[in-house]
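Colleague: Here my numbering is used: the first residue of the sequence shown is 105, the next is one more, and so on.
Ideal placement from N, C-alpha and C gives every residue a C-beta, glycine not left out.
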Amino acid sequence: MNLALFDLDNTLLAGDSDYEWGQFIVDHGLVDRTEYEARNAEFYEQYKAGTMNIFEYLAFALGPLAKRPRAELEVLHEQFMRERVDGMWLPAAQALVDQHIAAGDMCAVVTATNAFVTGPIVRKLGVPHMVATTPAQEAGEFTGAPRGTPAFQAGKIERVENWLESMGLHWGSFERTWFYSDSRNDLPLLERVSDPVAVDPDPTLRAHAERHGWKILSLRG
105 MNLALFDLDN
115 TLLAGDSDYE
125 WGQFIVDHGL
135 VDRTEYEARN
145 AEFYEQYKAG
155 TMNIFEYLAF
165 ALGPLAKRPR
175 AELEVLHEQF
185 MRERVDGMWL
195 PAAQALVDQH
205 IAAGDMCAVV
215 TATNAFVTGP
225 IVRKLGVPHM
235 VATTPAQEAG
245 EFTGAPRGTP
255 AFQAGKIERV
265 ENWLESMGLH
275 WGSFERTWFY
285 SDSRNDLPLL
295 ERVSDPVAVD
305 PDPTLRAHAE
315 RHGWKILSLR
325 G
């Protein structure tokens, strides 16, 4: 049995769903445009630079979820999928996922973006498992805080290992393990698998992949 793990934003998607959700709620007047847009852009630059404090970011990103009923958020997300996510779809990424599924590999998206934003996207991709940052809930409504370890940087390894353990599995259960990612933030998990693949990588990841002889792949050609 083999394991195929996929980052989502800027890997399977031609864009960042977390950032785009922030812009979506700005454009629809759900948060103050001037303040939120500036902070969203600031955090995105920190993410690309590998300097983002995940807990500061999550306090910012999850806060708006706590201010609206879950039913309203679900309707908004359907609109978000149409207005933002459909334009980021990559046929080559879908084909890659389908190839691993057809081969019988266990497949999961592993993403730092919270599960509310990413769940419908992962389901549309047809990936059966997801490891994502978990927004805490009480009685089905979001609290504005994360639950457990965010699936970010080294936290992705912890969350993947917890997921595997919940099924009675571990890294040694698999003959081969892939992780596909674009980001320097994912170097810890990329270094953990047997087959790391840099997908349309940022400059830091590209340089690391070239030094170590990792496969470099583009899904945007």
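Does the beta-carbon of Thr138 have 16 or more other beta-carbons within 10 angstroms, so that it is buried, or is it exposed?
Modeller: Counted from its first residue, the sequence shown places residue 138 at position 34. Answer is exposed; the Cβ neighbour count stays below 16.
Colleague: Could you name the residues of the same chain whose beta carbon sits closer than 8 Å to that of Pro173, not counting the 5 residues immediately before and after it, in chain order?
Modeller: In the sequence shown, the residue the question calls residue 173 occupies position 69. The residues are Glu245.
Colleague: What span of residues does the alpha helix (DSSP H) with Arg174 cover, start to end?
Modeller: In the sequence shown, residue 174 corresponds to position 70, counting from 1. Start and end: Arg174 to Phe184.
Colleague: Going along the chain, which unbroken runs of the alpha helix (DSSP H) with 4 or more residues stay wholly within the stretch 191 to 262?
Modeller: As far as the stretch 191 to 262 is concerned, its whole alpha helix (DSSP H) runs of at least 4 residues are 195 to 206 and 219 to 229.
Colleague: Give the DSSP-derived three-state secondary structure of Ala118 in the structure shown.
Modeller: Indexing the sequence shown from 1 puts residue 118 at position 14. Three-state result, Ala118: coil.
Colleague: When you compare each of Asp290, Gly126 and Met271 to Leu180 by their alpha carbons, which one comes out closest?
Modeller: Residue mapping note: residue 180 aligns to position 76 of the sequence shown, counting from 1. It is Gly126.
Colleague: Output the distance between the C-alpha atoms of Leu166 and Arg324, rounded to the nearest integer angstrom.
Modeller: Sequence index remark: in the sequence shown, residue 166 carries index 62 (1-based). Sequence index remark: in the sequence shown, residue 324 carries index 220 (1-based). Near 30 Å, if we compare the C-alpha coordinates of Arg324 and Leu166.
Colleague: Out of Ala153, Arg188 and His204, state which residue places its alpha-carbon closest to the alpha-carbon of Ser121.
Modeller: Counted from its first residue, the sequence shown places residue 121 at position 17. Considering only alpha carbons, the answer is Arg188.
Colleague: For Thr155, count neighbouring Cβ atoms within 10 angstroms of its own Cβ and tell me buried if that reaches 16, exposed if not.
Modeller: Reading the sequence shown from its first residue, position 51 is the one you call residue 155. By the 10 Å Cβ count, Thr155 comes out exposed.
Colleague: When the distance is taken between beta carbons, is Val231 closer than 8 Å to Val213?
Modeller: Within the sequence shown, residue 213 is the residue found at index 109, counting from 1. Within the sequence shown, residue 231 is the residue found at index 127, counting from 1. Taking 8 Å as the Cβ cut-off, Val213 and Val231 qualify as a contacting pair.
Colleague: Measuring CA to CA, which of Asn157, Ala255 and Glu178 is closest to Leu293?
Modeller: Sequence index remark: in the sequence shown, residue 293 carries index 189 (1-based). Nearest C-alpha to Leu293: Ala255.
Colleague: Short check: CB of Leu194 to CB of Leu116, under 8 Å?
Modeller: For the purposes of this step, residue 194 is identified with residue 90 of the sequence shown, where counting begins at 1. For the purposes of this step, residue 116 is identified with residue 12 of the sequence shown, where counting begins at 1. For Leu194 and Leu116, yes; Cβs fall inside 8 Å.
Colleague: Looking at the strands, I want to know which residues DSSP matches up with Trp282.
Modeller: Numbered from its first residue, the sequence shown carries residue 282 at position 178. Paired residue(s): Ala108 and Asp299.
Colleague: Helix, strand or coil for Leu273, going by three-state DSSP, please let me know.
Modeller: Taking the sequence shown and counting its residues from 1, the one referred to as residue 273 is at position 169. Looking at Leu273 - three-state DSSP - the assignment turns out to be coil, as it is neither helix nor strand.
Colleague: So Ala258 and Pro250 are supposed to be a Cβ contact under 8 Å. How far apart are they, rounded?
Modeller: Reading the sequence shown from its first residue, position 154 is the one you call residue 258. Reading the sequence shown from its first residue, position 146 is the one you call residue 250. About 16 Å separates the two Cβ atoms, so there is no contact after all.
Colleague: Under 8 Å: do the stretch 222 to 238 and the stretch 197 to 205 share three or more Cβ pairs, one atom per stretch?
Modeller: Enough Cβ pairs lie closer than 8 Å, so yes.
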